[in-house]
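In my numbering, the protein residues as written are 312 to 768.
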């Protein structure tokens with residue numbers, strides 16, 4: 312048998328195929344020896360199936376790169392929606408667009424948070440140091456600003472553009488522009504702040520004078536100071552987002568909290584002046600209504616000082632005090648300085664008549680004695696049920712003496728004038744004699760004391 316061309320016929324050793332003649336045992340092409348360039352035969356079992364390639368492709372659900380790409384796209388959409396919400400938050404905003412943008416942003420953020428992929432370091436940290444406290448959602452910056460804006464009345468507009476520009480321009484921005492030689496006119500809020508401060512104080516004075524006429528001038532001045540101080544105006548300025556709109560120099564020192572509070576309050580005062588100046592006819596009325604709405608919560612929080620009853624302690628003593636009964640006035644907490652004034656806090660406790668350390672009332676004032684009076688007043692006004700129960704037990708032990716009815720009582724017998732005069736003379740003599748006896752007794756004591764000293768010497 313010839314090794315190169317011999318052997319069994321090809322149709323008996325291999326199945327026919329479309330890639331050439333069958334191969335022999337040694338891998339050389341079989342059949343006729345006339346083929347000068349024999350080609351190796353490809354078997355059917357080695358041919359790749361295109362469907363197998365599809366099966367080898369990664370599953371999109373398990374593809375980390377695909378998920379990262381989708382996450383980046385959603386984060387970009389969320390950032391664009393944040394910018395849209397910020398742009399539509401002004402007074403002329405379209406509420407429908409704002410609402411839908413907020414809803415879409417919340418949905419995308421929720422899904423992005425749920426589908427976020429923790430890194431390997433984060434997974435390792437979760438395994439080694441798992442969280443032990445409940446997760447707390449911190450609201451976003453834009454959401455915080457919107458919530459603050461809901462608590463204040465609408466912002467009145469400034470109809471003059473140059474006034475609005477001046478309101479939100481810090482003096483440091485002028486210095487920066489001057490250094491760059493781009494400043495033509497010095498525009499900042501300083502002059503407007505000077506005028507706005509006067510307007511605000513005038514509105515507050517008129518408001519307190521009209522709505523609190525019973526307060527004395529000293530209390531009215533103190534109340535007005537609470538309305539117009541920088542800390543109050545800074546809260547309004549921040550609620551409207553004024554600090555975000557302020558233009559200032561790049562190297563302005565805003566690190567000091569007190570200085571930054573004053574800057575925000577000054578911007579608010581400048582805005583009030585701009586509202587008045589931009590509308591000569593109704594600007595002041597608009598500003599006054601706006602400030603009244605802003606101050607309304609503070610005006611409603613004002614507590615009238617209780618009408619002092621200086622005999623309150625005597626009254627509660629008369630109702631409750633007896634042998635073995637204790638009314639104890641105690642310091643509830645240490646003295647505090649409130650708005651530059653001392654404040655003492657006193658609690659009144661009852662021990663006796665079936666009660667043990669029973670709190671009856673509380674009072675606070677600028678001194679302890681006045682605070683005790685207020686505590687007794689509080690007991691008589693707000694704990695009268697306990698006071699009357701204790702008083703009922705006191706009356707059981709110490710019943711009151713019956714009072715005589717003037718209609719049924721027998722009239723007292725009155726003696727003759729002569730007898731009364733004689734009786735008075737007798738009483739005077741008795742007093743005189745008793746005084747003489749007292750003088751004699753004192754003389755004897757002095758003599759006895761003198762003799763004892765002489766004997767002792």
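Just so it is clear, CB atoms sit at the ideal spot from N, CA and C, and this is done for glycine as well.
| Item | Value |
| --- | --- |
| Out of 584, 583 and 554, which one is the CA nearest neighbour of residue 571? | 554 |
| How would you write the range of the alpha helix (DSSP H) that residue 555 sits in, first residue to last? | 553-556 |
| Within this structure, are the beta carbons of residue 383 and residue 517 separated by less than 9 Å? | no |
| Return the bridge partner residues of residue 638 from the DSSP annotation. | 661 |
| Is there contact between the region 516-536 and the region 579-598, where contact requires at least three CB pairs shorter than 8 Å? | no |
| My parser needs the alpha helix (DSSP H) runs of 4 or more residues fully inside the region 643-716; what are they? | 679-693 and 695-708 |
| Spatial neighbours of residue 386 within its chain, please: C-beta separation below 7 Å, excluding the five flanking residues on both sides. | 423 |
| Using the beta-carbon count (16 or more within 10 Å), is residue 500 buried or exposed? | buried |
| Please identify the residue among 470, 642, 476 and 602 whose C-alpha is closest to the C-alpha of residue 678. | 642 |
| Just mark residue 505 as buried or exposed, buried being the case when its beta carbon has 16 or more other beta carbons within 10 Å. | exposed |
| Rounding to the nearest angstrom, what Cα-Cα distance links residue 625 and residue 509 in this structure? | 49 Å |
| Count Cβ pairs between the region 517-531 and the region 602-622 that sit closer than 8 Å; are there 3 or more? | yes |
| Closest by CA to residue 403, which one among 676, 467 and 705? | 467 |
| Along the alpha helix (DSSP H) that carries residue 502, what are the first and last residues, could you check? | 501-522 |
| Closer than 6 Å by C-beta to residue 675: which residues in its own chain qualify, once you throw out the five before and the five after it? Chain order, please. | 654, 656 and 682 |
| So, residue 606 versus residue 586, is the Cβ gap smaller than 9 Å? | no |
| DSSP three-state call for residue 480: helix, strand or coil? | strand |
| Would you tell me roughly how many angstroms separate the C-alpha atoms of residue 639 and residue 708, rounded to the nearest one? | 22 Å |
| Are residue 498 and residue 480 close, meaning C-beta to C-beta below 9 Å? | yes |
| Take residue 507 as the anchor and find which of 396, 533, 577 and 670 has the nearest alpha-carbon. | 577 |
| Residue range of the alpha helix (DSSP H) that residue 594 falls in? | 594-612 |
| Which residues in the same chain as residue 686 place their Cβ atom closer than 6 Å to its Cβ, once the five residues preceding and following it in sequence are excluded? | 657, 659, 672, 673 and 674 |
| May I have the straight-line CA-CA distance separating residue 502 from residue 550, to the nearest angstrom? | 23 Å |
| To which residues of the same chain is residue 684 closer than 8 Å at the C-beta, ignoring the five residues directly before and after it? | 619, 620, 621, 623, 624, 674 and 676 |
| For a test of the three-state rule: what should DSSP assign to residue 532, helix, strand or coil? | helix |
| Take residue 475 as the anchor and find which of 418, 700, 557 and 409 has the nearest alpha-carbon. | 557 |
| Mind checking whether residue 664 and residue 705 have CB atoms under 9 Å apart? | yes |
| Where does residue 559 land, buried or exposed, given buried means 16+ other C-beta within 10 angstroms? | buried |
| Three-state secondary structure (DSSP) at residue 620? | coil |
| What separation, rounded to the nearest whole angstrom, lies between the Cα atoms of residue 603 and residue 405? | 27 Å |
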